[in-house]
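Q: Just passing along the structure, written as structure tokens.
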Amino acid sequence: MDMFSLDGSLLCGELSSGSYLSTFLQNTLKNKQVEIFSDKRAFKPVARLREPKDLLNLPKEIDCAQQSARWPVECQVIEDRVHHIEYNPPYPEEYYMVTGREIQPNPVGEEAGTVVFQYYPMSAVNYFSRSCVGGNRFFVSNFASEKSTDLKFESRFESGNLAKAVKISDNYYELYLRTDLYTNRHMQWFYFRITNTRSNFYYRFSIVNLSKSESLYSVGMKPLLYSTRDAEINKIGWRRCGENITYFRNDLSNGETVEE
1 MDMFSLDGSL LCGELSSGSY LSTFLQNTLK NKQVEIFSDK RAFKPVARLR
51 EPKDLLNLPK EIDCAQQSAR WPVECQVIED RVHHIEYNPP YPEEYYMVTG
101 REIQPNPVGE EAGTVVFQYY PMSAVNYFSR SCVGGNRFFV SNFASEKSTD
151 LKFESRFESG NLAKAVKISD NYYELYLRTD LYTNRHMQWF YFRITNTRSN
201 FYYRFSIVNL SKSESLYSVG MKPLLYSTRD AEINKIGWRR CGENITYFRN
251 DLSNGETVEE
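Here the UniProt record's numbering is used: the first residue of the sequence shown is 1, the next is one more, and so on.
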């Protein structure tokens, strides 16, 4: 049997983490943050903080459904996971030199073009109701063009916010951003994917409802571009690019702005 004094001057018998001493002290202190152990070599009790508990007691398996991201049930989510490499440009990226001669066309919309992409999460209520793992896998038509040379747009992934793409000509597209869920605001940034591009071919994009009172685009900041081919072959990630960049107020009824 273990024997002890409160000042640790008399201890005999084999002490262990499950000894009477440890149990007595833990029951006496009534502190869930401190663990009391008996040191067999030093013959004295040792106190230490418990290891912090996980915020969520979830299985450690990566493929476990409980570990997967959950989405509002009205959100369609593609299976392809978006991945970006880390990259820092070796030199400062230059601003676009505004000439004042940049073209500033007003939006023409579907009446003069063809919708090649459209996605608006649809819900019976204008608030969050429930979620599911992986989002909604039932994809409705997104107006993808059957023409082989048309660009293909996608935004059904995390943080993607492209709502609609209208093809005006082979190299000119009007883009409409989607608001944040359950609100009619926050169209101050853009993030989407474009595929089926052609080499040595210039494209023009007008984001017709980017809504910001002021923007660095008006003084030459270039949009960010990420090329999966550059990332795979040349290890180049996000970089700034573009020409004929202009930021101005268009003639939409709500006074929204456009960046090209």
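Cβ coordinates follow ideal geometry from the N, Cα and C atoms, glycine included.
A quick note: this is a predicted structure, and the numbers were derived from the prediction, not measured.
Just to check my reading of the structure: residue 326 and N136 have Cβ atoms closer than 8 Å, yes? What is that Cβ distance to the nearest angstrom?
A: The chain is shown from 1 up to 260; residue 326 falls before or after that span and cannot be answered.
Q: Looking at the strands, I want to know which residues DSSP matches up with V115.
A: For V115, which the question treats as bridged, DSSP gives the partners V166.
Q: For T195, report the span of its beta strand (DSSP E) as first-last.
A: Its beta strand (DSSP E) spans residues 193-195.
Q: May I ask you to list the residues that DSSP assigns as paired with L175?
A: L175 pairs with A165, I207.
Q: If you draw a straight line from the alpha carbon of L162 to that of L210, how long is it in whole angstroms?
A: Rounded to whole angstroms, L162 to L210 spans 11 Å at the Cα level.
Q: Identify whether E102 lies in helix, strand or coil by the three-state DSSP scheme.
A: Here E102 sits in coil by DSSP.
Q: Evaluate the contact criterion for the stretch 164-178 versus the stretch 189-209: three or more CB pairs, one atom per stretch, below 8 Å.
A: Touching, per the Cβ criterion.
Q: Whose C-alpha, out of P223, E232, C241, V219, is nearest the C-alpha of G100?
A: With distances taken between Cα atoms, G100 lies closest to V219.
Q: Could you work out which residue in G237, W71, E214 is closest to L225 when comparing CA atoms only?
A: Answer by Cα proximity: G237.
Q: In whole angstroms, give me the CA-to-CA distance for Y87 and A231.
A: Spanning the two alpha carbons is a distance of roughly 9 Å.
Q: Taking R229 as part of the alpha helix (DSSP H), name the residues at either end of that continuous run.
A: It spans 228-233 - the alpha helix (DSSP H) in which R229 sits, taken as one unbroken run.
Q: Compare the C-alpha of D150 against each of V108, P92, S169 and name the closest.
A: Among V108, P92, S169, the Cα nearest to that of D150 is on S169.
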